[in-house]
Every structure is written in C-alpha cells, then in structure tokens.
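Report on the structure given below.
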Amino acid sequence: MPNRAALAAADATVAEVLNATLWCQEPAVLVTSPPGAGKTGTVERVAAVGLLELDLRVMVAVQTNAQVVDLVARLARNFPAVPVWHFHRWNLPEVPAPLRGLPNVRSTERTRDLPAGPCVVVATSSKWAETDGVHFDLMVVDEAYQLREALYIQFSGLADRVLFIGDPGQLDPFTQAAIERWRADPAGPHRSCVAAFIARRGRPRSFSFPVSRRLDQGSVALVQPAFYPALPFEAAALPGERQLRLPVAGIGPVDRAVTALGAGPWSYLELPEAHAGMVDDDVVAAIAGCVHALLDRGAEVRDEYGTRRLAPDRIAVGCAHTAQTTAVRRRLRRAASQVTVETANRLQGQEFDVTIVYHPLAGRTDATAFHLDAGRLCVLLSRHRIGCLIVGRAGVADLLAVHAPAAERTLGLDDDPEYDGWQAHLAVLDRLGGAAAIRTVRR
Amino acid sequence: MTASYDTLLRLRAWQQGRAQVRVSYQQVRVQPHAMLLAPVKMAGEDVTIFACGWGGRSGPMRFDFVADPRNRDAEYALFGRLGAVLARYFAWCQAHGLHPQVWVASPAAVRLLDLLADRLRYAGSGPAAKPAEVVRFGEHLTLLAQRAAVPGNQTPLAATEVLGLHYATGQQPAEDAHLGAFLAWIDPPPGQPLEEAVAAAEATPMGVLAQPDTDNDELAGLVAAWNAARRRDASPAAPDALARPVAAVLRTVVTPIFDAIGAAIDAIERLGLPELASLAGRVAGEERTFAAFMAYLDRPDHRFALRDQPLPAALGLLEREAAAADLAAELALEDPLCRAQAASAGAALTATLVAHQQTSEPSVGPTGRRSRRQVHTITLATAEADGRLRPGDTFRSIANPGLVVEVRDFTTDPSEGLRIAARVTGGFSRPGVPAVGTVLELVAAVPERWRFPQKRTKVRTRLAGGLPWPHDPTQPPPAASGRPHPDPLAVVERLRAAGGRPG
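Here the protein sequences come in this chain order: D and B. Under my numbering, the letters of the first sequence match residues 1 to 443, in that order. Under my numbering, the letters of the second sequence match residues 444 to 946, in that order.
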C-alpha cells in the first residue's frame, strides 16, 4: 500500500506542469525533482499531450545516447498513438535493440526526414547543437541541471518555449578547462543552462515534485536533509513496504553488513583506518565480497510489485574514480558480470534495487573539492530502491575535520558546492557512522 | 598527468637524485626571437609592475622600474615604456609573419600579465582616463592572457610548466612551481647534496615578489625616502637620485629570475629531442591567431568586453576544451612515453590480438531495413596491470585510425594478465581486422583540430541574427496564452489508452 497522499500530490504537480507548459503556454517552465520522482514520466506526458491534444511540434533534448533510447522506448510503449522520432547521430550502424519492433518509432539522422507538422523528436543535446533548418513549438530539456550553457546556447533557438526538468542535487556540469574568466559570472558558459537562465531572466514558472518513487522513507530521511535542504519531499513507499531478504545465512564481517540491509535501507561497512591511495585493495575486496554475498545468499527483493530474486543487473557498484571501477570489476566473478560498476557521473539517471558504494573518502589522506562534491555523493547514495551498502574506512571524520573547505568564495555566486559537500559528508557520516557502522578487521 | 606514471617517474628521479626525462619529443618550439620577461610587483599591490627585466635569448637583460608603483603618474610612465617595448616586439613579429613567444618564470607571472591586461586595456574617462600607450599595453597583454588559457599554446610560456612537460623531478608537484628548485633537479651542482641545492635555490625568489626581508629591510626605507624627497623637493633631480638605490635592489631581484628563464630554455634545448609532429600545426595556428588579433586591433572600432557576452563565452570555453582534447590525443598518438602516461589513465592500450571471430547476425538499419551484418569479435591480451577500462570504452588503432574497437568485457587471467573482449565497430572491411598475433597500439581518441573552427563558424552563422530570447534579457519572451485545462491527467489517461496512428 503506497503512500497515496504523497502520490496524489505528485499527480497534482504533474497536472500543474502540463497546464503551465501546454495549455497556458508559459514561455519557460522549470521543474525540479528529487531522485526517482518521475521526471521521465512527466517528459513523456508533456510530449504526448503536446502532440496528440494540441498538435504541437515538440523536441526533447536529453544528455546521453542511452537516455535517448530509454525515453523513446518508454514513450512509444506508454503512448502507442504517439509516433516518436529517434533523431540519432550520423552513421548509426543499427537501431538500438530496445527500439526494435516498436511500430511507432521512426529513426533518422537527417533533418529533412523529420515531419513538417506536429511531431515528437528526441535527440541528445549534442545532436540538436548540430541541427539547423527545423523549428519547434516546445523544447523539453531533460536532466537540465547537467546541460551546460555553452551547449544549450547552440540550440536554444530551435523552439519558441522551453520546459527545463531536472534534479538539482546531482553532479553539476564539469569542465577541465580554465574558467577563471567566467568564474564570477552566474550565467557563465560552464554553468548549467538552468542557472544561466535564472541569472539572465529570473526564475521562470517553477514546480517541485514532492515525492520520490525510488527511495523509501528510510532513505529519504538521510538524502533529503543532506542533499536537498531546499526541496522537501517524502517517499512513495511506506516503511516496511520494501525489503531485502537473505534466505541463506552468512558468516563473517562482510556478511554482517549485507545482512544489515535486511533491516533497513542503509548499511555502512567500515574497515580499519589506513592510507591506501586512490585504489584501496581492501575496499575493493570488500565490495566484491558484498556483491558475491548478495548473489550467493540468494537475496530476494520484496516491494509493491511482488517478491523476486535479486538479479545481478539490478545491483550497481558506485565509485568516484574510473580506476576504482576497473579494480572492482576485475575482482568480480563471472556470475556477477551483469552487475553495473560505474562512476557517479555515469550512474546519474539510473536506478537499481541495491547499490554498493565505494566511499569517496575511504583511505584518502586529503579531501579535495572533487571528493567533497555534494552532487557526487548524492548520486552514489540515491540510486537504490531497496538498499545501499557503503564501504569506507575509519578516519573519515578526522579527515573532514582537518580538510574543512578552503572558503574560496566567488564574488557574485551564492552557491558553494565544496562547502555543501563537506556538510553533506558530515551529515551522512553522522547518520551512518557511530554505533550503526559495522566494523571489521582486515580480511 | 596520470598519477601512477607521474609518481613512478618522480620516485625514479628521487632515487637517482636527478630529474628524469618524461617525453620522447619536444613539446614546445623555442623560437629564436623569443622574449624573456621577468616582471616583479610590489608586495601588497596585486596588479602592477615594480620592476621588469626583458630581453632575447642572447644579449643582456634590459631593465626598467618605477620607484613607487603606488604613484599613478610614475606607474603609468613605466607602463608606457614597457608597452612600447612590447609593441615593437609585436610589430616585428607581425612584419615577419611569426607569432610572439613570451617566456616568464612561472604561472604566477602569467597570472600577473592577465590581471594587468584586465586593468589596463580600458581607457576610462575623466581624471581616471589612462594614456593611450598604457591602454595599448593592456591590449597587447590581452593576447597573452587569452592564449594562456588555451592548452598547447605557444605563448605565453611559463618556464616551470614547460620544464614540467619534459622533466619529472623527485619532489612534490607543488614544489615544481619554483623555477630555481626545478633547475637544481635538472642540473644538480656537483659535490653538494641535492636537498641542500634545492633548499639554496628556493632562497632566491622566482615568482613575482621579492623576499619579505628584502621588502622590509631594504625596499621599504628606500621607497619611503624617495616619496619624502618627491613631496619635499620640486626638483626632479633629487627624487631621481633616490630612485637609483631602489633600482639597484630591484635589479638583484629581477636578474636571477631572468637568468633562470634562460637556463630553463637551455635545459629544454639541451635534450636534443625531435619536435612532436603536430607541433608545426600548433605553431601555424598560433601565427594565425596572432595575425587575426593584430588585424582586429588595427580596426578603429575594436573593443574588448569587460564581461563576455553569452556567445563569445560559450565559444571561448569550447575552444579551450577542444584544444585540451586535441593536445591529449596528439601526445598519446605521437609520443610513446606520453602514450604510457595515457595508458594508465585508460586513454591508450597496447595489446595483442589473440582471437578473432566473425559471425553473421540479423540487423535492423535506421531506415527499418532488415539485413544481416557481419560482427567481428576479438580478444585482446595485455600485460598492463594498471589499466582503467570500462565496458563501452572505444579505441582506435594508431596504425589504422579507421579501425575502431569497443570494449565489451574484460577478465583477469593470473597467468596471462588482462583479457579484453571487444567488438570491432569500424574499419573491419577496410583496413580490415589485423591477423591474430598482431600487437595493436590503441588510443582512445585522435586529434580533430579541424572540428572546432568548423563548429565556431557554424554557430556564429546560426546566431548571426541575434541570440535566442533565453540568452538575451533585452528580448521579450513569447507571451503566455491560453487557459488551464480542468483535468489534464484525464487527457493523459485517454491518450495512453488510445491506439496507434500512422506516423
């Protein structure tokens, strides 16, 4: 029995977004969303209603090829009456597997193939930036907080009106280029298109989703205050509605941490303090051990859809560095090859039943802006529906104490992701550490 | 820089007590007409010049100074003289179709030139108006400021950074920022422990400031005396006489910096490395950029924005990112040692093709046409134990850039190292999949220096009629119109249930 009041509030928000965007024709609408609130579903509804009810030309800009395929497939299945155009890169060798056999999907790389009348066209922002000679009534920008102003300006003129929709708690756009010249410009080219739009034109008509369908209440109790202090939301799942069951008993410190996921959404496995560099073999081994324990012990998931075996492709391991993902992947057995092992950047927008997180500060001797980034930790701790197991090392609190943010504030900018991240790390540690942590000796 | 490879080189340098060469090719073309520039500012005055040494690679250092840069007239007079020097140098380069190449000691000096450009290039008005020669000095410095942010640039060059491209020391990267210490690692003095030599070198300032002791014990009193004389005595002779001791002290600060820049250039040339193949293209690009800048400066309506408009800002960021990507690709492609660094970052791979399987699979093309396509799956073996691979990573063959492979999976075999399952996604017909046993040198990207200029032209053309309204607050947005629907969710459910219609 889900939290019906919360879901009703979410539906009301969707109705308001549809009205503002489609019937009232606001020039710009902003929808902010916590993790797993139904952003993609809202994009689907706006596109389908815009086309079928109001005869609009709708373009949708998403940020990765995988997101394009996912959105096109969902839109085509959920709204069989909507012909969806999959507008892809040049020389795509074949139609992606999820789109094959969908009768209402059309794929093309050429602008001239697109219809002159009402339509829904989905492409990456990079593809739209290469596109000329078409114009739309409405542009929907999905994951808008990840779209940089420098890219958005290249195609923002393709439509009259715009709907930005995204999660403000995730990773900001990233560049390794020197940005000193624009650092103090709140509408600089390195900023997200939402931040730049607000800096130039003020806040557009805005809505927030009040509910997360992905996270349960125990997860929301940690994630919301730590990462979304200005965006109150609750869980669609009621306490006890989702559970991880482990029919086979396990022994040993890693198994204790895995077993703890049966009692709630969080488990923190804390290895002894050590300075181990970027790739910590002990942490890597513990993460692989946790994955294997979940599979060997026949973990089952119970949620609003029923009870089922936890499949490897519903498990993800999240890390801060690529080198860590490689090390973890090399430790996994062949039976675990379907487990997703990725960095936070690539986990954005994805959802799993169980995630295992390599704590960004585990084994480090310093805490840089990269490792303190609130968005990175937020992504890592908000991909799960059932449970999240964090593997770290003792000493993180001391590390945070001696690496307080340098307080290098930029004139004209109020936000400080490094300080926010430092605070978020403390909040998470406070919630997970102490008595709740499962401490272990070296393997 | 990849941490593991960099750390390895630094450990080796520490073990051997001497900097290690980290590249096989020279990364920067040292121009015969290069100008060495050693500016020093007054403590507490962030955007000014107290004294400056300059000169060519041969010949003596030229020197100029101001007795107190807080005196605006005196400071502007110095800027005017230095501006004339830089203008003559730029004019000479322009006349010879070359680009200027200004060498400074450290990134701190580059930063000072950047700040000076920002301060000086705007004329101002009224009592605060700057002389034309000062404004022109700021405009010329603007070229250096703009180019400093573009990776692979040939001017301005900070000697510590160029040394860092070619050598690895056995100290912390932050300690490499001192030019004297870096040079001590390259040429350790005989008969002296290296640590002592480095410590001794660090006692000489190499940034843009004098030592605090020099400021407090020598310069403070001399500058105060000059100011007192200036206020007391209308005759210019007395202040001039009191300025000379200031100059003498400043010369002792500037001269070692100037000499160290020359020593850094010598250290790079002494390696005798051949030039990176792509360097000629970067030099030509620098020449084109300089020529375009000077042509723009000659236009009477030229102006430099205090704050970039949205489009120049976007293009500026894209240019820097494209230059960084191209430079990284060129280094991995052309220099084996740089490729080793790239390998530990997952941007390059050397592996032996140990198996090749060709199968025929049903396929649906983007047009919907069904066919069968040939799928080439290969297995690569590599002993590289520290790679950073992810499924989905793609690599191109250096020998045949048309050959593209995509990593599908990898496993570790205790006896054989890393085994990578990959699919050939490009070039399997031509040049064709190499024979089993072939050693493949693979890189993650190839340089595409043509791409950004093409993109810039396209975007400028697209936006020639004006910026779209989201980026231009002066434009009104489209008006909202219409009335809310009483039950939009009912519409959604009705449409969700509707059957398909022709596309």
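Idealized CB from N, CA, C, for every residue including glycine.
CB contact check: residue i to chain B, cutoff 7 angstroms
i       : result
R443(D) : Low local confidence applies: a pLDDT of 31 at R443(D) is under 50, so the model's placement there is unreliable, with the coordinate-based value given in what follows. Not an interface residue.
G157(D) : yes
L147(D) : no
L138(D) : no
I153(D) : yes
P189(D) : yes
L52(D)  : yes
C24(D)  : yes
R383(D) : no
L7(D)   : no
V29(D)  : no
F79(D)  : yes
V121(D) : no
Cutoff 7 angstroms: residue i Cβ touching any chain D Cβ
i       : result
R782(B) : no
R564(B) : no
D449(B) : no
T695(B) : no
E764(B) : yes
A941(B) : yes
A923(B) : yes
H966(B) : In the structure displayed, chain B extends from 444 to 946; residue 966(B) sits before or after that span and is not available.
T855(B) : yes
G595(B) : no
V807(B) : yes
L846(B) : no
G789(B) : yes
V577(B) : no
H583(B) : no
G946(B) : Low confidence applies to G946(B): its pLDDT is 38, below 50, so where it sits in the model is not reliable, and the reading given next is rough at best. G946(B) counts as touching chain D.
V935(B) : yes
Chain-order list of residues whose beta-carbon lies under 7 angstroms from that of residue i (same chain, five-residue window excluded)
i       : result
A775(B) : C781, R782, A785, A790, A791, V886
S872(B) : none
N843(B) : G870, P874
R442(D) : No answer about R442(D) holds up, because its pLDDT of 39 lies below 50 and its placement is not dependable.
L22(D)  : V46, V49, G50, L54
A768(B) : A888
Host beta strand (DSSP E) of residue i (start-end)
i       : result
I165(D) : 159-166
H86(D)  : 84-87
G188(D) : Taken as a continuous stretch (DSSP letters only), G188(D) belongs to no beta strand (DSSP E), as it is neither H nor E.
G869(B) : 860-869
Q243(D) : 243-245
C319(D) : 315-319
S212(D) : 211-216
W90(D)  : Counting along the chain, W90(D) falls outside any beta strand (DSSP E), and DSSP gives it neither H nor E.
Run of the alpha helix (DSSP H) containing residue i, from where it starts to where it stops
i       : result
C388(D) : Premise fails: C388(D) lies in the beta strand (DSSP E), 384-393, not in any alpha helix (DSSP H).
W128(D) : 125-129
F386(B) : Absent from the model: residue 386(B). The displayed extent of chain B is 444 to 946, so no value can be given.
T881(B) : Careful: T881(B) lies outside any alpha helix (DSSP H) and carries neither H nor E.
Cβ neighbours of residue i in the same chain (closer than 6 angstroms, five flanking residues each side left out)
i       : result
G133(D) : T111
M485(B) : F493, P512
M444(B) : Annotation note: pLDDT 39 at M444(B) (below 50); position unreliable, coordinate value reported separately. If we look at M444(B) and ignore the five residues flanking it on each side, it has no Cβ neighbours.
Proximity test, residue i beta-carbon vs the ligand GTP heavy atom, cut-off 6 angstroms
i       : result
A237(D) : Among the components modelled here there is no ligand, and therefore nothing to report on the ligand GTP.
Chain-order list of residues whose beta-carbon lies under 8 angstroms from that of residue i (same chain, five-residue window excluded)
i       : result
P755(B) : A748
R763(B) : A592, V593, P594
Could you pull out every unbroken alpha helix (DSSP H) segment of at least 4 residues lying fully inside the stretch 508-565 of chain B, listed in chain order? 515-538, 550-563
Would you list, in sequence order, the uninterrupted alpha helix (DSSP H) runs of no fewer than 4 residues that lie entirely inside the stretch 323-375 of chain D? 344-347, 369-372
Entirely enclosed beta strand (DSSP E) segments - the stretch 771-852 of chain B, minimum 3 residues: 791-807, 813-825, 837-840
Contact between the stretch 158-172 of chain D and the stretch 24-35 of chain D: three or more CB pairs below 8 angstroms? yes
Does the pairing of the stretch 307-319 of chain D with the stretch 330-345 of chain D give three or more beta-carbon distances under 8 angstroms? yes
Any chance the stretch 568-579 of chain B sits against the stretch 518-527 of chain B, with 3 or more Cβ pairs inside 8 angstroms? yes
Output the residue ranges of the beta strand (DSSP E) runs that lie fully inside the stretch 884-936 of chain B and measure 3 residues or longer, sorted by chain position. none
Touch test, the stretch 479-489 of chain B against the stretch 727-737 of chain B, Cβ-Cβ under 8 angstroms, three pairs minimum: no
Can at least three beta-carbon pairs, one atom from the stretch 145-152 of chain D and one from the stretch 169-182 of chain D, be found at a separation below 8 angstroms? yes
Note down, one range per segment and in chain order, each alpha helix (DSSP H) of at least 4 residues found wholly within the stretch 604-657 of chain B. 622-629, 637-645
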